[in-house]
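Trainee: Each residue of the sequence shown is one higher than the last, beginning at 1 in full-length UniProt numbering.
The C-beta atom is built at its ideal place from N, Cα and C for all residues, glycine as well.
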Amino acid sequence: MPPVENDSGKKELKSQIQELIDSNQVIVFSKSYCPFCVKVKDLFKELKVECNVVELDLMDNGTSYQEMLLEMTGQKTVPNVFINKKHIGGCDKTLQAHKDGSLQQLLNGDNEDYDYDLIVIGGGSGGLACSKEAAILGKKVMVLDYVVPTPKGTTWGLGGTCVNVGCIPKKLMHQTALLATAMQDARKFGWEFDETVKHNWDTMKTAVNNYIGSLNWGYRVSLRDKNVNYVNAYAEFVEPHKIKIEELEAGTPGRLKVTAKSTETDEIIEGEYNTVLIAVGRDACTDKLGLDKAGVKVNPKNGKIPVNDEEQTNVPHIYAIGDILEGKWELTPVAIQAGKLLARRLYGGSTVKVSTTHKVSERSLSTYLRCIKTSFVYHSLFWPLEFTVPGRDNNKCYSKIICNKLDNDRVIGFHYLGPNAGEVTQGFGAAMKCGVTKEQLDTTIGIHPTCAEVFTTLEVTKSSG
1 MPPVENDSGK KELKSQIQEL IDSNQVIVFS KSYCPFCVKV KDLFKELKVE CNVVELDLMD
61 NGTSYQEMLL EMTGQKTVPN VFINKKHIGG CDKTLQAHKD GSLQQLLNGD NEDYDYDLIV
121 IGGGSGGLAC SKEAAILGKK VMVLDYVVPT PKGTTWGLGG TCVNVGCIPK KLMHQTALLA
181 TAMQDARKFG WEFDETVKHN WDTMKTAVNN YIGSLNWGYR VSLRDKNVNY VNAYAEFVEP
241 HKIKIEELEA GTPGRLKVTA KSTETDEIIE GEYNTVLIAV GRDACTDKLG LDKAGVKVNP
301 KNGKIPVNDE EQTNVPHIYA IGDILEGKWE LTPVAIQAGK LLARRLYGGS TVKVSTTHKV
361 SERSLSTYLR CIKTSFVYHS LFWPLEFTVP GRDNNKCYSK IICNKLDNDR VIGFHYLGPN
421 AGEVTQGFGA AMKCGVTKEQ LDTTIGIHPT CAEVFTTLEV TKSSG
């Protein structure tokens, strides 16, 4: 039977350790030379969280401390981290808690149950993709989407900029213009019109708006089918884990007295207007989301949010995707991809991230720069068959590829100016991702007669003049 004093000494030591755990928000039992301990201490320093560090290797009874910690926690290694009296674990578990946002919850002393696993602010392409993917993975999800009315009271539904005021209406109105050109060409192809053809703007506007409305409704149905709670209301952070929902009233147009100076002359322009449109680029509408209350860093100049390569803001449990990101591509397909991949990383165990850039080593970079110097550019003007009969200019359509001579003439650049450019480029984009070479293009049988087949017959190089 062990001596009584040993038992008493262990109880006193355990009491001392428990007192340290109870009296400090964050305590790290560490060893000064341990690189994993340094990682954890640096993390708390980066988060500006004050923590008490007990360096066991600098204590006379450090070994006894570590043995007692093993008895108390089942962990024999350092660092040994406690937050608000809760045992977190070592380096890996602490870093993982930081990554998934639970570390911030523990630091906030926030152990309450949450209403949702994921709340998405903004029903654009990225937000919809992320919310639906998270719901598929079994999570409880809410989408908050609200567009502040313009001075005329104009607002729109789910889908974001692209669907409501961007790509979709733009392309439909572009199709309207193409039809006008087609009618001009039609006479050259034998079509006869007895009267002047007129365009009704209201008819086109109604048709475009009806189609957009059908998309808005389709998104709502899709969210409902996946049990995602959609609320048409403005969201604002009031705490890091709490969001307030303050539906706004529709505005009415007032009259503004405007004084402006011309950028080209010294002329002063004055007048009264209901609406003033200043086209100076795109800023992110983040100023009223209460992000400061959640501690999220925002670029004050444009409202955009800096994130890491996993779309994580400086607050670990808050992520941002899409056009709102600082220095990232403002493209709908990028936002959709980012939304899906984010949900899969958060809830599906995936590690796949959005790839919009290519990272290369110093050696690869020097090789690439040599490739640029020895690359070949093949190019050609072409005349679409549709342009021939109406006699449209035969000097406006252009094709070009850039080939890396040091890599089997692999195609590293692609330019196309002509009809249906988006449709043509999409297919060649997939081919380039698979590493298509000039020889493979040359041996591909063209689909005739198409504009895209010009890329199977390119012979003239820029170097040849």
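1) Please state whether the Cβ-Cβ distance between L128 and R220 is less than 8 Å.
2) Report buried or exposed for C285, applying the criterion of at least 16 other Cβ atoms within 10 angstroms of its Cβ.
3) Compare the beta carbon distance of S131 and V141 with 8 Å and say whether it is the shorter of the two.
4) Could you give the uninterrupted runs of the alpha helix (DSSP H) lying entirely in the segment 110-136, keeping only those of 4 residues or more?
5) DSSP state of H98, grouped into three classes?
6) Can you give me the Cβ contacts of K226 inside the same chain, cut-off strictly under 6 Å, excluding the 5 residues immediately before and after it?
7) Run the CB neighbour count on H448, radius 10 Å, all protein chains shown included, and call it buried at 16 or more, exposed below.
8) Which same chain residues, not among the five before or five after M204, have their C-beta less than 6 Å away from its C-beta?
9) Between the Cα of G281 and the Cα atoms of E330, A235 and I321, which residue gives the shortest distance?
10) At which residues does the alpha helix (DSSP H) containing H174 begin and terminate?
11) Short check: CB of K11 to CB of M72, under 8 Å?
12) Please say whether Q105 and H241 have beta carbons closer to each other than 8 Å?
13) Between the Cα of T450 and the Cα atoms of K41, V460 and F387, which residue gives the shortest distance?
14) Check whether the Cβ atoms of E236 and G290 sit closer than 8 Å, and answer yes or no.
15) From the DSSP output, in three-state form, read off K48 for me.
16) Using alpha carbons as the reference points, say which of E239, E246 and V238 lies closest to V231.
17) For K244, which residues from the same chain have a beta carbon less than 6 Å from its beta carbon, with the 5 sequence-adjacent residues on both sides left out?
18) Just the Cα atoms here: how many angstroms apart are C51 and V40?
19) Would the beta-carbon of P316 fall within 8 Å of that of H87?
20) By the DSSP assignment, the beta strand (DSSP E) with M142 in it spans what residues?
21) Would the segment 378-398 count as touching the segment 411-419 if we require 3 or more Cβ pairs under 8 Å?
22) Indicate whether the contact test is met: 3 or more Cβ pairs, each with one atom in the segment 334-341 and one in the segment 255-272, closer than 8 Å.
Mentor: Looking at the atomic coordinates:
1) Judged by beta-carbon spacing, R220 lies beyond the 8 Å limit of L128, meaning their Cβ atoms are not closer than that value.
2) Residue burial is scored here from C-beta neighbours: C285 has fewer than 16 other C-beta atoms within 10 angstroms and is therefore classed as exposed.
3) Taking a C-beta distance under 8 Å as the contact criterion, S131 and V141 qualify as a contact pair.
4) Qualifying alpha helix (DSSP H) stretches, in chain order: 125-136.
5) DSSP, read as helix, strand or coil, puts H98 in helix.
6) Taken in chain order, the residues that qualify are K132 and A135.
7) H448 is exposed by the Cβ-count criterion.
8) Excluding sequence positions up to five before and after M204, its CB lies within less than 6 Å of the CB of T176, all in the same chain and listed in chain order.
9) Of the candidates E330, A235 and I321, the one whose C-alpha sits nearest the C-alpha of G281 is E330.
10) Looking at the DSSP string, the run of the alpha helix (DSSP H) that includes H174 is C167 to K188.
11) Annotated as distal: K11 and M72, with beta-carbon spacing of 8 Å or more.
12) Less than 8 Å divides the Cβ of H241 from the Cβ of Q105.
13) It is F387.
14) Yes, the Cβ-Cβ distance between E236 and G290 is below 8 Å.
15) If DSSP states are grouped into helix, strand and coil, K48 belongs with coil.
16) Scanning E239, E246 and V238 for the CA closest to the CA of V231 turns up E246.
17) So the list reads E236 and V238, once near-sequence residues are dropped.
18) In a straight line, the C-alpha of C51 is about 11 Å away from that of V40.
19) The Cβ atoms of P316 and H87 do not sit closer than 8 Å to each other.
20) It spans V141 to L144 - the beta strand (DSSP E) in which M142 sits, taken as one unbroken run.
21) As far as the Cβ criterion goes, the segment 378-398 touches the segment 411-419, which means the pair count is three or higher.
22) The segment 334-341 vs the segment 255-272: no contact.
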